[in-house]
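Colleague: In the numbering used here, the protein residues as written are 1 to 674.
1. In the structure shown, what three-state DSSP assignment does residue 54 receive?
2. Below 9 angstroms between beta carbons: does that hold for residue 144 and residue 122?
3. Using C-beta distances below 6 angstroms, list every residue in its chain close to residue 293, excluding the 5 sequence neighbours before and after it, in chain order.
4. Under 8 angstroms by Cβ, that's how I've got residue 324 and residue 318 pegged, so tell me the actual separation to the nearest angstrom.
5. Cα separation between residue 243 and residue 378?
6. Classify residue 598 as buried or exposed, calling it buried when 16 or more other Cβ atoms lie within 10 Å of its own Cβ.
7. Can you tell me where the beta strand (DSSP E) with residue 328 in it begins and where it stops?
8. Ordered along the chain, which non-local residues of its own chain (more than five positions away) have a Cβ less than 6 angstroms from that of residue 501?
9. Fully enclosed by the stretch 125–172, which alpha helix (DSSP H) runs are 4 residues long or longer?
10. Just the Cα atoms here: how many angstroms apart are residue 113 and residue 180?
11. Does the distance from the C-beta atom of residue 279 to that of residue 272 stay below 9 angstroms?
12. Does the Cβ-Cβ distance between residue 397 and residue 636 come in under 9 angstroms?
13. Kindly indicate which three-state DSSP category residue 283 falls into: helix, strand or coil?
14. In the DSSP assignment, find the unbroken alpha helix (DSSP H) run with residue 580 in it and report its ends.
15. Would you mind sorting residue 93 into buried or exposed? The rule is 16 or more other CB atoms within 10 Å of its CB.
16. How long is the line joining the alpha carbons of residue 441 and residue 284, rounded to whole angstroms?
17. Would you report the Cα separation of residue 402 and residue 251, rounded to the nearest angstrom?
18. Check residue 600 in the structure and name its three-state DSSP category.
19. How big is the Cα-Cα spacing for residue 352 and residue 322?
20. Using a Cβ-based criterion (distance less than 8 angstroms to any ligand heavy atom), does residue 525 qualify as near the ligand SAH?
21. So, with DSSP's three-state summary, where would you put residue 636?
22. Could you tell me the distance, in whole angstroms, from the CA atom of residue 445 to the CA atom of residue 630?
23. In terms of residues, what are the limits of the alpha helix (DSSP H) holding residue 198?
24. Here's a check: name, in chain order, each residue in its chain whose Cβ is nearer than 8 angstroms to the Cβ of residue 539, leaving out the five neighbours to either side.
25. So, are the CB atoms of residue 281 and residue 185 less than 9 angstroms apart?
26. Three or more beta-carbon pairs under 8 angstroms between the stretch 575–589 and the stretch 101–120, yes or no?
27. Take the Cβ of residue 541 as the centre, count every other Cβ of all protein chains shown within 10 Å, and call the residue buried at 16 or more, exposed below.
28. Taking Cβ to Cβ, would you say residue 536 is nearer than 9 angstroms to residue 63?
29. Among 196, 88, 249 and 222, which one has its Cα closest to the Cα of residue 212?
30. If I measure Cβ to Cβ from residue 594 and keep anything under 6 angstroms in the same chain, skipping five residues before and after, which residues do I get?
31. Relative to the C-alpha of residue 254, which candidate in 115, 241, 481 and 408 has its C-alpha closest?
32. Under 7 angstroms Cβ to Cβ from residue 34, same chain only, skipping five residues before and after it: list those, please.
33. Considering Cα atoms alone, identify which of 449, 493 and 484 is closest to residue 416.
34. Can you list, in chain order, the stretches of the beta strand (DSSP E) that have 3 or more residues and sit fully within the stretch 425–509?
35. For residue 80, name the three-state secondary structure that DSSP assigns.
36. Determine the direct distance from the alpha carbon of residue 443 to that of residue 209, and round the result to whole angstroms.
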């Protein structure tokens with residue numbers, strides 16, 4: 001069997017359940033590697049067909065990733081949809097997907113009084129590096145020399161007739177790598193609607209992906225009423241788009257950016273214009289007079305958000321409160337209709353993601369063979385007799401792997417008692433991080449000292465964590481005026497008591513353990529922590545509305561992604577809700593470093609900026625009680641083969657899993673009809 005190792009690297013971050021809930025693993029059935037995939041089961045001749053059931057700890061509202069910032073949604077999209085480009089698991093280089101080719105060009109911004117230059121266009125760019133207001137300017141794009149005085153066509157579709165010379169006196173500035181042209185495949189077919197019926201269904205059947213779909217997918221972020229605020233920032237720096245022909249589209253960036261290609265190639269979820277675009281005559285809900293508000297509503301509440309119409313090898317057929325199920329995407333004759341079926345078809349016919357919010361119940365489900373894969377095995381189960389019995393080993397493999405995620409307790413910095421960094425740092429000094437790591441994770445985890453993923457070259461490995469020093473913590477609070485003025489046992493200042501609510505998702509015992517440990521740690525400081533367990537939807541709503549003192553979360557970032565989403569001041573202001581800046585960080589120096597990182601196209605220099613950013617967030621902001629990067633521990637049915645690991649979330653590719661036992665219902669030796 002040829003191992004297929006392509007998988008999109010996610011650009012936008014996605015929310016994961018509780019840091020503590022992802023704790024620990026060991027090494028039976030899997031061999032850990034420092035990089036590249038890890039194979040849990042030896043490859044044998046694969047069969048096609050059958051069904052796998054994978055556990056999910058939360059049920060996202062829908063599958064429309066632009067408006068559903070859920071790690072679970074993103075993971076399901078990996079199997080049911082595709083993006084313009086993919087990143088190779090081993091090289092992390094971009095490779096074709098829906099786009100078969102792409103070109104990147106420079107932009108030479110002209111002064112307002114510059115003489116006309118052949119091939120110039122009008123674009124919207126930032127007024128300056130410091131002033132991020134978009135203004136219309138004249139520009140020439142192509143392959144520019146260092147000074148920008150010589151520009152040649154950088155793609156076959158260039159507006160330049162030939163190489164042009166530009167006087168240095170006419171040049172305002174040169175922006176590198178900010179014009180992107182994509183040439184789409186002409187054989188990518190949209191899946192069939194499972195919402196429309198009769199003539200409406202017939203109108204959507206057989207539609208092919210074209211440049212208008214891509215243009216519409218970009219344009220939704222320009223509609224302020226579309227509920228995509230957590231993703232919108234990715235596209236603010238890409239204000240221009242031009243459809244060149246049915247299968248060619250060009251984007252213009254507002255300035256050079258280290259992350260613009262990532263946003264277009266992967267973060268931009270491709271949306272079916274004939275399903276979502278009210279201005280598309282092929283849409284059954286077509287309206288020539290549709291307003292932006294009506295268009296946004298059509299996206300926000302569309303029934304297809306659950307029964308997603310994508311272009312991947314699997315199509316969502318069921319989305320209810322118990323599970324999401326996707327079946328192989330086939331044509332009318334029952335043959336695979338996925339455009340890359342010759343290379344990446346997927347082996348099983350059906351993938352079911354089953355929602356079980358309680359980890360203990362999920363563990364019982366896999367023991368009862370109601371699940372095939374469960375990646376939240378608890379420490380006491382992983383290392384104890386439950387998974388080391390002969391009966392368990394007969395039916396299941398277990399193993400562990402690392403991802404880039406890190407857990408944390410997020411502080412609401414707009415809360416009066418937590419707006420003081422002294423309080424946040426004192427709590428960090430009072431928490432025995434190394435002791436907790438040893439007790440809960442058996443020492444396998446790695447303590448995190450900031451927001452950059454541990455395995456990134458931008459992570460400063462030599463940066464020390466805040467020391468465990470309860471005496472120092474108490475001294476810091478007292479010096480800052482936080483002590484028990486009224487004798488009720490709780491420290492206070494200016495009438496504000498240090499009583500903190502700790503929110504976590506219900507059913508997550510590991511989060512409860514973390515909360516109780518934190519309670520005990522800060523009690524000698526006069527800080528009272530109250531644990532509050534909430535059902536996932538309520539937990540998520542309160543988190544997004546910043547209606548909390550503290551919440552237990554985890555991020556699952558790629559090795560590098562635009563820091564604006566999490567940390568920019570415009571997303572952290574008190575009235576900026578439904579963003580990923582949950583802590584409410586508002587800091588000019590953070591903003592300055594974000595812009596510097598975004599504009600630095602030299603990777604080595606950017607990594608140094610990341611280290612500075614990482615340490616500033618940790619030492620001067622301390623918005624989180626940063627936790628650990630710990631291995632994911634899993635249990636998998638021995639019937640499943642082909643489980644491989646990558647450090648890219650979710651760490652595995654379900655379409656690569658297969659059965660070898662012909663007694664498994666629905667299996668067969670060839671990929672033919674279902």
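Even glycine gets a Cβ: it sits at the ideal position worked out from N, Cα and C.
Modeller: So, from the listed chains and residues:
1. strand
2. no
3. 225
4. 7 angstroms
5. 51 angstroms
6. buried
7. 323–328
8. 530, 532 and 549
9. none
10. 27 angstroms
11. no
12. yes
13. coil
14. First-last for residue 580: undefined, no H or E at that position.
15. exposed
16. 54 angstroms
17. 36 angstroms
18. coil
19. 10 angstroms
20. Within the structure as shown, the ligand SAH is missing, as the structure has no ligands at all.
21. strand
22. 4 angstroms
23. 198–204
24. 503, 504, 505, 506 and 551
25. no
26. no
27. exposed
28. no
29. 249
30. 563, 564 and 568
31. 241
32. In this predicted model, residue 34 has a pLDDT of only 30, less than 50, meaning its place in the structure is not dependable; the value taken from the coordinates is given anyway. Closer than 7 angstroms at Cβ, skipping near neighbours: no residue.
33. 493
34. 499–505
35. helix
36. 49 angstroms
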